[in-house]
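K.L.:
All residue numbers in the first sequence are consecutive under the numbering used here, ending with 234.
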Amino acid sequence: MKTNLIELTVSTPNGKFIARYSEKGLAELNFPGAKAPVAPKRSEGGPVPSNISKWHRATQSALEKILAGGEPRELPPLDWAGATDFQKSVWRQLLKISGGKTRSYGEIARAIGKPKAVRAVGGACGANPIPVLVPCHRVLAANNKLGGFSGGLDWKRQLLAKEGVKF
DNA sequence: GTCACCTTAGAAG
DNA sequence: CTTCTAAGGTGAC
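1) Since Leu-93 is in the beta strand (DSSP E), which residue starts that stretch and which ends it?
2) Might you give, ordered along the chain, the residues of its own chain that have their beta carbon closer than 6 Å to the beta carbon of Lys-132, omitting 5 neighbours on each side?
3) From the DSSP secondary-structure annotation, give me the bridge partner or partners of Ala-86.
4) Give me the DSSP bridge partner(s) of Leu-145.
5) Which whole runs of the alpha helix (DSSP H) in the segment 129-180 are 4 residues long or more, in chain order?
6) Should Val-199 and Leu-226 be called a contact, given that it needs their Cβ atoms to be closer than 8 Å?
Written as structure tokens, this is what we have:
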């Protein structure tokens, strides 16, 4: 079923991110500049539920923290409904990467018990609906090569630079 | 069913 | 050192 997502924006020094929440938590986060598939239509529909309002505050502060090169104090609940088990496993590993550190696709693959699924890990990262908070940008190719990034390789470089990662 | 993807280790030239 | 190949998971066509 098409869950009614509530769309809110997060203003940062880097631009306005777009966050979408379901009843269960943050379901999606988009980079500034990404074309908005739907118009923001939440205010007329009704008030934003208080729990979502609270999550949004957490999202905002976590995002700002990361963009400043730090680690978020706390994250809002993430709604991974629709994701496969494989993807959830990968994203769980990503959440364990602390600021300024990086892992390779191979390491992630190994961590979830499928050392040969390195390309699948790349696929899961690309399918990540919540970039930045789920730090898919901290995953580099082997030998500290940048690798790719569907949301714009530019963001990956910038985020890593803020965290002091060199390569 | 086929193909492309945010990959990588290893074998061959 | 450079080039080529095979291998996982998933979604688009």
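The C-beta atom is built at its ideal place from N, Cα and C for all residues, glycine as well.
P.N.:
With the given structure in hand:
1) Taking the first sequence and counting its residues from 1, the one referred to as residue 93 is at position 26. 93-97 is the span of the beta strand (DSSP E), which, as asked, contains Leu-93.
2) For the purposes of this step, residue 132 is taken as residue 65 along the first sequence, with counting starting at 1. Cβ neighbours of Lys-132 beyond the five flanking positions: Pro-139.
3) The count along the first sequence starts at 1 and reaches residue 86 at position 19. Partner(s): Leu-75 and Leu-96.
4) Counting from one through the first sequence, the residue named residue 145 turns up at place 78. According to DSSP, which records beta bridges pairwise, Leu-145 is partnered with Leu-93.
5) 152-162 and 172-178
6) Counting from one through the first sequence, the residue named residue 199 turns up at place 132. Counting from one through the first sequence, the residue named residue 226 turns up at place 159. A contact, by the Cβ cut-off of 8 Å.
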